[in-house]
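Below is one structure, written out as structure tokens; comments come after it.
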Amino acid sequence: MPPAAKTKKPDSFLNGRSGSRLRLSTRLLAWYDVHRRVLPWRAPRGKRADPYRIWLSEIMLQQTTVKAVAPYYARFLQRWDDVGALATAPLDDVLKTWAGLGYYARARNLHACARAVVERHGGKFPASEAELRALPGIGDYTAAAIAAIAYDLPATPVDGNVERVVARLYAVTTPLPAAKPEIRRLAGGLTPQHRAGDFAQAMMDLGATLCTPKNPACALCPWNESCAAYARGEAETLPRRTPKREGVLRRGAAFVVRRADGMVLVRTRPAKGLLGAMTEVPTTEWQHDFAEDKARTGAPRFASTKMQKRIAWRKVAGVVRHVFTHFPLELSVYTADVPARTPAPSGTRWVALASLAGEALPSVMRKVVAHALP
């Protein structure tokens with residue numbers, strides 16, 4: 087909150103005058119030159135950013151924190167240090183290296199995009215936003231981020247941090263997501279012709295370090311004298327958001343089969359759809375009206391009738407809970423043991439328990455395995 091004596095109106099940039107916008111960009115860039123974050127994908131001062139590294143980091147950072155992304159980013163670069171190397175990698179290897187980071191469509195699009203850059207652009211990322219947007223998995227934000235940060239073009243990437251900064255700067259009261267077009271327009275008006283890449287990163291840093299969702303450090307902000315929300319004492323209440331509709335709970339059962347020679351039964355999910363091409367233990371369908379008393383009918387069926395009759399399914403106490411973007415999920419977990427060298431049912435395969443961590447298991451399946459095999 088601003089001090090009680092602060093009655094000064096925000097700078098006249100709010101009326102759209104270019105001179106005021108120039109002062110704002112100059113102030114922010116001066117702050118950035120002193121306070122810029124050191125990030126693994128950020129080029130050192132005075133060096134040109136690598137488009138491959140910017141693209142890789144921006145895809146990983148979608149819906150994910152810097153802290154969570156950093157080790158994955160390092161592993162990807164260690165295995166595939168340029169877009170050509172990533173393009174020739176098997177998709178399964180990419181999914182295995184991505185496993186645990188979530189939002190797995192990003193990994194499939196990452197691989198498809200690398201191949202498209204090689205096939206369409208000779209292994210070099212295009213500079214124009216239009217050409218970038220035509221690549222798999224690259225939307226308006228990522229295209230603008232690459233154009234600005236890697237090529238220093240006057241593009242305006244608007245992520246959650248930038249949305250928050252702009253909504254407060256102009257006191258935009260329209261709730262998100264309806265306010266997105268207005269915020270993008272206002273943000274575009276702030277982008278300078280020179281040092282556009284530094285300005286884009288400065289906006290991100292400002293939102294990540296000072297203009298935070300809760301308890302923003304307004305007193306330290308280089309724009310506090312120009313911020314309409316700060317002047318009104320409303321910084322912490324903006325941006326406003328339309329409440330999200332909660333998805334309906336889905337339920338199901340997961341089956342963890344252990345073979346006496348140290349193998350675990352898994353299968354690969356269909357290439358398209360939720361968790362596409364990822365590895366999982368067999369499960370029933372995930373339904374709103376799942377019937378627990380009929381769960382065992384969805385268990386994997388072995389070819390040998392004798393073997394099928396011998397299997398004793400044991401229900402593990404409790405459930406595994408996981409939340410996807412559009413719905414929460416609860417899975418009951420059943421375990422069973424089978425003799426060594428038992429053939430895998432159709433559509434499944436055996437993997438060594440010791441190497442299970444290296445499979446492309448999404449987070450929900452890692453939870454299932456941990457619940458079944460503590």
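Counted the way this note's numbering counts, the sequence shown spans residues 87 to 460.
Using N, Cα and C, we set each Cβ at its ideal position, and we do this for glycine too.
Since the model is a prediction, treat every value here as computed from it, not as a measurement.
Would you mind working out which of the options sits nearest residue i, comparing C-alpha positions?
i	options	result
Ala446	Leu187, Ala129, Arg113	Leu187
Val406	Arg452, Pro431, Pro425	Arg452
Ala303	Gly223, Glu322, Ala286	Glu322
Ser106	Glu268, Gly404, Glu311	Glu311
Cys199	Gly348, Ala191, Gly223	Gly223
Gly433	Lys358, Arg353, Arg400, Leu439	Arg353
Ile397	Arg345, Leu459, Pro414, Lys380	Arg345
Thr174	Pro325, Leu196, Gly384, Lys380	Leu196
Val155	Val169, Asp168, Ile140	Ile140
Tyr420	Thr411, Ala426, Thr369	Thr369
My output table needs one value for residue i: the three-state DSSP class, helix, strand or coil.
i	result
Lys210	coil
Ala321	helix
Met364	coil
Trp37	No statement about residue 37 is possible, as the shown extent of the chain runs from 87 to 460 and does not include it.
Asp179	helix
Gln373	strand
Val352	strand
Pro157	helix
Ala241	coil
Trp127	coil
Tyr189	coil
Verify whether the separation of the beta carbon atoms of residue i and residue j is less than 8 Å.
i	j	result
Val342	Val455	yes
His457	Val367	no
Val203	Leu221	yes
Ala443	Gly348	no
Ile235	Gln287	yes
Leu115	Asp284	yes
For residue i and residue j, which I take to be in contact (beta-carbon distance under 8 Å), what is that distance rounded to the nearest angstrom?
i	j	result
Ser418	Ala339	5 Å
Ala193	Leu181	5 Å
Asp291	Arg123	5 Å
Asn329	Phe388	Note on identity: in this sequence residue 329 is Pro, with Asn being the wrong assignment. No, Pro329 and Phe388 are not in contact; Cβ-Cβ is about 48 Å, not under 8 Å.
Thr228	Glu144	5 Å
Using a Cβ-Cβ distance under 8 Å, would residue i count as near chain D?
i	result
Leu187	You won't find chain D in this structure, because it holds only one protein chain.
Please list, in chain order, all residues of the same chain as residue i whose beta carbon is under 7 Å from its beta carbon, the five residues on each side excluded.
i	result
Thr93	Below a pLDDT of 50, predicted positions are generally treated as unreliable, and Thr93, at 40, falls in that range; the measurement from the model is reported next regardless. So the list is empty, once near-sequence residues are dropped.
Tyr237	Ala213
Cys297	Arg250, Val251, Arg254, Cys307
Ala273	Thr242, Val244, Val248, Val252
Arg336	Trp372, Gln373, His374, Phe413, Leu415
Gly209	Val169, Gly170, Val203
Take residue i and list the residues in its own chain whose beta-carbon comes closer than 8 Å to its own, dropping the five residues that flank it on each side.
i	result
Ala233	Ala213, Ser214, Glu215, Leu218, Leu239, Ala241
Val258	Val252, Ala265, Glu268, Ile269, Leu272, Leu324, Pro325
Give every residue of the same chain whose Cβ lies closer than 6 Å to the Cβ of residue i, excluding the five residues on either side of it in the sequence, and list them in chain order.
i	result
Ala422	Val343, Ile397, Trp399
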